[in-house]
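Residue numbers (the numbering used here): 1183 to 1530.
Just so you know, even glycine gets a beta-carbon here, dropped at the ideal spot from N, CA and C.
Remarks on the structure that follows.
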């Protein structure tokens, strides 16, 4: 297994050389982003990481926890909302429409709904709109947020200084990993759902640094990413009987950007291909944007950079670098979850 991983590291170097070559062949060619992202992929997938990792030969030498930095507790700024959005879906929808991904239902027994922000200034901007968004009287304009000396802020909302709304610096609960599909919150249950879960499942954990719990033919330990790619590869044989990696979101369409011959940004429809480039191949990628990635359907971190998705096999999907970049840190689109949940399950 050590030899395999070292071969992977060597391939990684080949990929980088190939990618750099692509980036230097001409100006303003191709889609915006893939070249840079292929050179420095994020730690949630692919095998490139910020450190050189060699898989131990013995399972007992594998780490019992995955080395992912997680802010715990994740302290953020919370708005004092009106209209009881936790229990009123109409008001909840108004906040989401106005403030977007800042607002979410928590992963707790009461599914509490609040709006959380990384900075108090962002929170203050939306706090001024709470009156009208909630359906109550609009707040008076022109006031600035003031600190209370304890980490919280308040905003005057009427002519009387005592009339104010609060912004609390508090522990942000984990956003629910359930995704709304056709008006119903559903669990992500992707095509690797039948694989044995790794012993290291946790929030904000990567696939490329976590022990899968499985062994290779020589009894060596396998990282989760390698195991998922191996299962995918074994399931798809080409005409020559050679395993190839297929995208679990083949046919998925999204709006992407590219630069035309005049270096202008143009929008076009992209479609995920079926066959992806195998990152362990000895050949250079024909297109760096199509290198296979192991993707967190519910991202490792949410919009506030708080821990969110886990490294459960149910939350994994093999997709292209190009699509992974587009989905990165987005709330999972309903169409993505529907396609993955309907996909046939891989067998171990």
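Rounded to a whole number of angstroms, what is the C-alpha to C-alpha distance between residue i and residue j?
i: residue 1529; j: residue 1372; result: 12 angstroms
i: residue 1540; j: residue 1306; result: With the chain running from 1183 to 1530 in the structure shown, residue 1540 is simply not present.
i: residue 1397; j: residue 1404; result: 6 angstroms
i: residue 1268; j: residue 1418; result: 46 angstroms
i: residue 1393; j: residue 1380; result: 6 angstroms
i: residue 1391; j: residue 1339; result: 49 angstroms
i: residue 1274; j: residue 1294; result: 11 angstroms
i: residue 1427; j: residue 1449; result: 28 angstroms
i: residue 1468; j: residue 1500; result: 18 angstroms
i: residue 1519; j: residue 1344; result: 47 angstroms
i: residue 1487; j: residue 1362; result: 21 angstroms
i: residue 1443; j: residue 1436; result: 22 angstroms
i: residue 1286; j: residue 1357; result: 6 angstroms
i: residue 1279; j: residue 1297; result: 12 angstroms
i: residue 1324; j: residue 1262; result: 19 angstroms
i: residue 1525; j: residue 1413; result: 15 angstroms
i: residue 1315; j: residue 1276; result: 6 angstroms
i: residue 1462; j: residue 1514; result: 28 angstroms
i: residue 1401; j: residue 1304; result: 52 angstroms
i: residue 1203; j: residue 1466; result: Note on residue 1203: pLDDT 34, under 50, position unreliable in the model; the coordinate value appears next. Taking the straight line joining both Cα atoms gives about 11 angstroms.
i: residue 1512; j: residue 1459; result: 24 angstroms
i: residue 1456; j: residue 1430; result: 8 angstroms
i: residue 1407; j: residue 1425; result: 17 angstroms
i: residue 1421; j: residue 1256; result: 50 angstroms
i: residue 1382; j: residue 1319; result: 50 angstroms
i: residue 1301; j: residue 1483; result: 17 angstroms
i: residue 1439; j: residue 1451; result: 9 angstroms
i: residue 1313; j: residue 1264; result: 7 angstroms
i: residue 1289; j: residue 1330; result: 29 angstroms
Under the three-state reduction of DSSP, which class applies to residue i: helix, strand or coil?
i: residue 1453; result: strand
i: residue 1394; result: strand
i: residue 1133; result: Residue 1133 cannot be examined here, being either before or after the span of the chain that is shown, 1183 to 1530.
i: residue 1470; result: helix
i: residue 1532; result: Shown here, the chain extends from 1183 to 1530; a query on residue 1532 therefore has no answer.
i: residue 1303; result: helix
i: residue 1315; result: helix
i: residue 1422; result: coil
i: residue 1386; result: coil
i: residue 1499; result: strand
i: residue 1291; result: coil
How would you write the range of the alpha helix (DSSP H) that residue i sits in, first residue to last?
i: residue 1415; result: 1406-1417
Taking residue i as part of the beta strand (DSSP E), name the residues at either end of that continuous run.
i: residue 1484; result: Here residue 1484 belongs to no beta strand (DSSP E), and DSSP marks it neither H nor E.
i: residue 1277; result: No beta strand (DSSP E) contains residue 1277, which is instead part of the alpha helix (DSSP H) from 1271-1281.
i: residue 1508; result: Segment 1503-1509 is the alpha helix (DSSP H) holding residue 1508; no beta strand (DSSP E) there.
i: residue 1544; result: Because residue 1544 is not part of the residues shown, which for the chain are 1183 to 1530, the question remains open.
i: residue 1346; result: 1346-1353
i: residue 1329; result: 1327-1329
i: residue 1258; result: 1257-1261
i: residue 1441; result: 1435-1441
i: residue 1368; result: 1366-1368
i: residue 1335; result: 1335-1338
i: residue 1363; result: 1361-1363
My guess is that residue i and residue j are in contact by the Cβ rule of under 8 angstroms, so how many angstroms apart are they, rounded?
i: residue 1485; j: residue 1283; result: 4 angstroms
i: residue 1376; j: residue 1527; result: 4 angstroms
i: residue 1370; j: residue 1378; result: Rounded, the Cβ-Cβ distance is 18 angstroms, inconsistent with contact.
i: residue 1491; j: residue 1480; result: 3 angstroms
i: residue 1496; j: residue 1472; result: Actually they do not touch by this definition, with Cβ atoms about 25 angstroms apart.
i: residue 1498; j: residue 1374; result: 5 angstroms
i: residue 1299; j: residue 1346; result: Between residue 1346 and residue 1299 the Cβ distance is about 18 angstroms, and since that is not below 8 angstroms, they are no contact.
i: residue 1364; j: residue 1341; result: Not quite, the Cβ-Cβ distance comes to about 46 angstroms (not below 8 angstroms), so this is no contact.
Meets three-Cβ-pair contact criterion under 8 angstroms: the segment 1464-1477 and the segment 1379-1386: At 8 angstroms Cβ cutoff, the stretches do not touch.
Three-pair Cβ contact test at 8 angstroms for the segment 1326-1336 versus the segment 1349-1360:
Contact between the segment 1326-1336 and the segment 1349-1360 is present, because at least three Cβ pairs lie under 8 angstroms.
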